[in-house]
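Structure follows, in structure tokens:
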């Protein structure tokens, strides 16, 4: 059975990839016109964006066995459904005292350990979560997850989003 692959965050991936292409092109151009120091600076500026391409350009798929995170087809992390303790839906903007509806980008977080609410707050402050699989939220993805995960989904800082 073929499983659908979801980019972790397609918007962030596209912007980061565009920056990498532009900065590498500028770097190559500067090397060609014999400006190696300037070229090295632009190449160094491309590195953080390349890391974002790696992070947000990874794909998450839901199989019969579990949740799988891959980059360019190479498996980075896999959590089996039976080992999964929490599926959380969390808003990334945690400092929103004035307007609770402005919760930022909403993500799924898949964890092998239970995550209490105070730890979710800390995790969102120190984004991205270490050792977890995360994926930008959509209703279609929620339905796909619920086909495999029958337990309740933990919610944190999602405003009026109805799950």
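Residue numbers (this note's numbering): 946 to 1108.
A virtual CB, placed ideally from N, CA and C, is assigned to each residue, including glycine.
Going by beta carbons, residue 1012 and residue 950 fall outside the 9 angstroms limit.
Looking at 1036, 1026, 1071, the one whose alpha-carbon comes closest to that of residue 1081 is 1036. Taking 8 angstroms as the upper bound for CB-CB distance, residue 1069 and residue 1102 are in contact here, some 7 angstroms apart. In the three-state scheme derived from DSSP, where H, G and I count as helix and E and B as strand, residue 1056 is classed as strand. Counting C-beta atoms within 10 angstroms of its own C-beta, residue 1095 has fewer than 16 neighbours from the protein chains shown and is therefore classed as exposed.
Linking residue 997 to residue 976 through their CA atoms gives a straight-line distance of about 25 angstroms.
Apart from sequence neighbours up to five positions away, the residues of its chain that approach residue 1077 with a beta-carbon distance below 6 angstroms are 1054, 1056, ordered along the chain.
For residue 993, the number of other beta carbons within 10 angstroms of its own is below 16, and it is reported as exposed. Look at the stretch 985-1012 and you find no whole run of alpha helix (DSSP H) that is 4 residues long or longer. Assignment of residue 1016 by DSSP, reduced to helix, strand and coil, places it in the strand class. Rounded to the nearest whole angstrom, the C-alpha separation of residue 1108 and residue 1083 is 11 angstroms. DSSP, read as helix, strand or coil, puts residue 980 in coil. In the DSSP assignment, residue 1108 falls outside any beta strand (DSSP E) and carries neither an H nor an E.
A buried status is given to residue 1002, since no fewer than 16 other beta-carbon atoms sit within 10 Å of its beta-carbon. Taken atom to atom, the span from the alpha-carbon of residue 1048 to that of residue 948 is near 30 angstroms.
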